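The structure under discussion appears below in the form of structure tokens.
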Amino acid sequence: MCSRYSLTSPPEAVRSYFRVHDTTTFPPRHNIAPTQPVLIVRKGGREGRELRLVRWALLPPWVKDPREFAVIINARAETAAEKPSFRGALRHRRCLVPTDGFYEWTGVARAKVPHLIRPRVQAGGSHLMAMAGLWEHWVGADGSELETMAILTTAANATLSAIHDRMPVILAPADFDRWLDCTPGSAEGIMDLLRPACDDLLEIVSVNPKINNSRYDGPLEST
């Protein structure tokens with residue numbers, strides 16, 4: 179599961195990592211929570227890839243009243259191709275979710291210990307990575323429109339299994355084009371990408387419990 183993550187890298191670093199020629203700017207976010215506006219990367223027609231702000235909580239196009247629909251922030255990779263809420267987006271509307279770390283918790287209620295999971299990098303390197311996402315375009319009866327997304331998850335790798343049984347699907351830059359290319363209108367050519375990350379890709383760092391409050395969005399020194 180992925181219920182909170184961060185994106186603190188500068189916009190120019192994000193544009194470079196995802197090879198996006200886009201002037202969109204955005205502030206650093208240390209504590210991104212469900213239903214908030216979040217940044218995604220998707221195909222942008224003749225302009226190649228584009229950055230877009232959408233709501234983190236997928237809303238399928240067939241939903242009549244969003245107030246009566248459960249909040250969906252994750253989609254299980256193993257069943258996404260079969261579920262009505264995800265199968266259309268998996269075939270036609272795939273995206274990348276930029277992040278430099280996501281959070282998981284251990285411990286009991288009221289005493290949860292937060293952990294930041296981020297890539298292992300050399301000193302001075304980038305912690306940027308891409309989570310696999312699905313996006314949707316919803317249009318209400320009154321003409322209102324909303325773009326939303328969900329993050330695909332898979333079984334935890336050996337590194338993460340000590341604290342959680344699920345993790346986001348993390349895509350390597352070499353796989354970005356294949357993931358974003360939805361022109362075949364099928365998910366058959368990308369299902370092999372929906373797998374746990376290599377065991378040595380990530381590290382787990384304990385961080386300040388301030389992150390437990392979804393309203394807190396300041397720097398989080400390691401503990």
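Positions in the sequence shown are counted from 1; adding 178 to them yields this note's numbering.
Note that CB positions come from ideal geometry on N, CA and C, so glycine has one too.
This one's a predicted model, so the numbers in the text were calculated from it and none came from an experiment.
Using the DSSP secondary-structure output, state which residues sit across from F280 in a beta bridge.
Y183 and I295
Drop a sphere of 10 angstroms on the beta-carbon of C376, count the other beta-carbons inside from all chains shown, and report buried for 16 or more, exposed for fewer.
exposed
Under the DSSP definition of a beta bridge, which residues are partnered with W357?
Its beta-bridge partners do not exist; DSSP assigns none.
I410 versus K290: straight-line alpha-carbon distance, rounded
Only positions 179 to 401 of the chain appear in this structure, which leaves residue 410 out of reach.
Residues sharing a beta bridge with S178, DSSP
Examination of residue 178 is not possible in this model, given that the chain is present from 179 through 401 alone.
In this structure, does DSSP put I250 in helix, strand or coil?
coil
Since Y195 and S304 should fall inside the 8 angstroms C-beta cutoff, what is the C-beta to C-beta distance between them, to a whole number of angstroms?
7 angstroms
With a threshold of 16 other CB atoms inside 10 Å of the CB of E314, please say whether the residue is buried or exposed.
buried
Would DSSP call E325 helix, strand or coil?
strand
Look up E260 in the DSSP assignment and give the residues it is bridged to.
Answer is none; E260 lacks a bridge partner.
Return yes when the Cβ of T361 is within less than 8 angstroms of the Cβ of L237, no when it is not.
no
Could you check where the alpha helix (DSSP H) with R193 kicks off and where it finishes?
P189 to Y195
Using the Cβ count rule (16 or more neighbours within 10 Å means buried), how would you classify N209?
buried
Please determine if the segment 258 to 265 and the segment 220 to 232 are in contact, where contact requires at least 3 C-beta pairs separated by less than 8 angstroms.
no
Taking C-beta to C-beta, are L294 and V383 nearer than 8 angstroms?
yes
Environment of G396 [buried if 16+ CB atoms lie within 10 Å]
exposed
Thinking just about the alpha-carbon of each residue, which of P239, P244 and N390 is nearest to the one in R288?
N390
How far does the beta strand (DSSP E) with L312 in it reach, from first residue to last?
M307 to V317
Nearest to G367 by alpha carbon, out of T203, H270 and K388?
H270
Let me know the secondary structure DSSP gives L268 once reduced to three states.
helix
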